[in-house]
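Asker: Residues 144 to 488, numbered by the working numbering, are exactly what the sequence shown covers, in order. Take this structure first; my questions come after.
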Amino acid sequence: MPNLLVLVPFCDEHVAALTRAAGPGWTVERRGPADASTPTAICSGRYDLPDDELVQALVRADVVIGEPAPALLRRAADAGSRLRLVQMTWAGTDKYTRSDVPFPAGARLCCAVGGFGQLISQYVVAQVLGLMQNLPAYRDEQQRHRWGDLGPVGSLDGARVLVFGAGNIGGWVARRLRGFDCTITGVCRDASRPRPGFDRLATLDAAAAELPGADVVVGALPNNDATAGWLDARRLHTMRPGAVLVNVGRGNFVDCDALAGVLAAGGIRGAALDVTSPEPLPADHPLWAEPRCVITPHVSGGSFGRHRQTEDNICAICCDNLRALRTGAALRNLVPASAFDVAPR
C-alpha cells in the first residue's frame, strides 16, 4: 500500500485534499515540525521525532511532502527506501541541489515555485513605498518622541524598475507595480520570450548597464553561480542616489558588507532585505544599525502559520503532483537532473 509522509503542518482540510489527490489505497502519515506554532521551527526542518524514527518513516514513504535533511534521505535510501518523490514546500531547492549529500537515485524532486508570488510582491511594494516615503525613519523619530519633517520623498509614479528574476515572484511584482505607471525591466536568462507585466527584458549579462537608470531594484533570483554575489560593491556604486533596493530572492545576490558601506555613505536612498548572506546576519553586522536599511527574517512569503492563501497555493501544487503520479501526467516544478550537477556551496 503506497504511503504519503507529510512533514509540514497542513490543516485537516488540506490533508483531506492531499488524500483525495493521491487516490484510493494510499495511507497518510503526518509528522509535523517540532513546534508547529513557530514558523522558524517549521523552516528549520526540526521534526517531532528522533532522526532514527524519521528515517524509518522515510523508508516507508513513497512520497514525502516537506524538507527532510539530505543526510536522512540518504540513510533512508541506504536502508531500502522506495521513495518516488520529494515534494518541497519551499521555492528554493538549494538544500538538495547544492548539497554534498547525493539525492536518492530513483526519487524525483519538485519545489513550490508559484506558491509565494502573490504575498511576496505585496511585501516588495510595501517596502518600496515605505522607503520612498521615509516611513522607517519616521518610525525611528516616533520612538525618540520627536516631531519633525525629514525632507524630500520619492515616488513610484513613472519610476523605472529593474526586477532581477522574471519568474513567478518577479512577474507578480511587475503586475503590482503597473498601477503606478512604472516602466519595468525584467532580468532573466531568455530575454527573447515575452513575459507578462514587463515592458522590457534583459539578460543578466546586460543588466549592469540598466542599474544606473533604475529608481527601484528588486532581487528575486534563485541561487546559482551566475547570481551569487552579482550585486557587489562595484555595481552598487553605479546605482542612483535616490534608488531603493529590495531583495526577496536569495541573500547572496547582494554583497551585504558592500551594501552597508554604500548606505552609510548615502549612495542610495534605502534598502529592504528579507534575505541576507549569511542568514541571519551576525549580530555585529553594520546593517543592523543602519537607519536606511529594513531587515526582516525571511518572512515575506507567508508560508505555514503566517498566511492561509500561501498555504492554499502550496497545497494546490502538492495535489497537482500527487494526481500526476497517479495519472502519469508531467510533474509540476520538477527539478531537472542537471540542477544537481552544481558543485556544493
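Beta carbons are placed, not taken as given, at the ideal position from N, Cα and C, and that holds for glycine.
DSSP three-state label for Ala-486, please.
Answerer: For the purposes of this step, residue 486 is taken as residue 343 along the sequence shown, with counting starting at 1. Low local confidence applies: a pLDDT of 42 at Ala-486 is under 50, so the model's placement there is unreliable, with the coordinate-based value given in what follows. Coil, per DSSP.
Asker: For Ala-418, which residues from the same chain have a beta carbon less than 7 angstroms from its beta carbon, with the 5 sequence-adjacent residues on both sides left out?
Answerer: In the sequence shown, residue 418 corresponds to position 275, counting from 1. Per the sequence presented here, residue 418 reads as Val, with Ala not at that position. Within the same chain, Val-418 has close Cβ partners Asn-390, Val-391, Gly-392, Arg-393, Gly-394 and His-441.
Asker: Could you tell me the boundaries of the alpha helix (DSSP H) in which Gly-413 lies?
Answerer: The sequence position of residue 413 within the sequence shown is 270, counting from 1. No alpha helix (DSSP H) contains Gly-413, which is instead part of the beta strand (DSSP E) from 413-416.
Asker: In whole angstroms, what is the alpha-carbon distance linking Cys-458 and His-288?
Answerer: For the purposes of this step, residue 458 is taken as the residue at position 315 of the sequence shown. For the purposes of this step, residue 288 is taken as the residue at position 145 of the sequence shown. Spanning the two alpha carbons is a distance of roughly 46 angstroms.
Asker: In terms of alpha-carbon separation, which member of Arg-449, Asp-400, Phe-483 and Glu-422 lies closest to Glu-433?
Answerer: As a working note, residue 433 is residue 290 in the sequence shown. The shortest C-alpha separation from Glu-433 is found at Asp-400.
Asker: Of all the options Leu-347, Leu-150, Gly-413 and Val-397, which has the alpha carbon lying nearest to the alpha carbon of Glu-422?
Answerer: Here residue 422 refers to the residue found at position 279 when the sequence shown is read from its first residue. Answer by Cα proximity: Val-397.
Asker: Using CA coordinates, which residue listed in Phe-483, Arg-469, Cys-461 and Thr-470 is at the minimum distance from Asn-476?
Answerer: Numbered from 1 along the sequence shown, position 333 holds the residue referred to as residue 476. Asn-476 has its Cα closest to that of Cys-461, out of Phe-483, Arg-469, Cys-461 and Thr-470.
Asker: Decide if Glu-156 is buried, meaning its Cβ has at least 16 other Cβ atoms within 10 Å, or exposed.
Answerer: Sequence index remark: in the sequence shown, residue 156 carries index 13 (1-based). Exposed, because fewer than 16 other Cβ atoms sit within 10 Å of the Cβ of Glu-156.
Asker: Quick check: what's the CA-CA separation for Cys-438 versus Val-198?
Answerer: Along the sequence shown, read from residue 1 onward, the residue named residue 438 stands at position 295. Along the sequence shown, read from residue 1 onward, the residue named residue 198 stands at position 55. Correcting the residue identity first, residue 438 is Ile in this sequence and not Cys. Their backbone Cα atoms lie some 36 angstroms apart in a straight line.
Asker: Residues in its own chain within less than 7 angstroms of Thr-453 by CB, not counting five upstream and five downstream?
Answerer: Numbered from its first residue, the sequence shown carries residue 453 at position 310. Gly-258, Phe-259, Leu-262, Gly-444, Gly-445 and Ser-446, listed in sequence order.
Asker: Helix or strand or just coil, what does DSSP make of Leu-477?
Answerer: Position 334 of the sequence shown, counting from 1, holds the residue named residue 477. Residue state, collapsed to three classes: strand.
Asker: Work out the CA separation of Pro-365 and Lys-238 for me, nearest whole Å.
Answerer: Residue numbering aside, residue 238 sits at position 95 when the sequence shown is read from its first letter. Residue numbering aside, residue 365 sits at position 222 when the sequence shown is read from its first letter. Whole-angstrom Cα-Cα distance: 12 angstroms.
Asker: May I ask which residues mark the beginning and end of the alpha helix (DSSP H) holding Cys-462?
Answerer: Locating residue 462 in the sequence shown gives position 319, counting from the first residue. Counting along the chain, the alpha helix (DSSP H) containing Cys-462 begins and ends at 451-470.
Asker: Would you list the one or two residues that DSSP bridges to Glu-422?
Answerer: What you label residue 422 is simply residue 279 of the sequence shown in a count that begins at 1. For Glu-422, which the question treats as bridged, DSSP gives no partner whatsoever.
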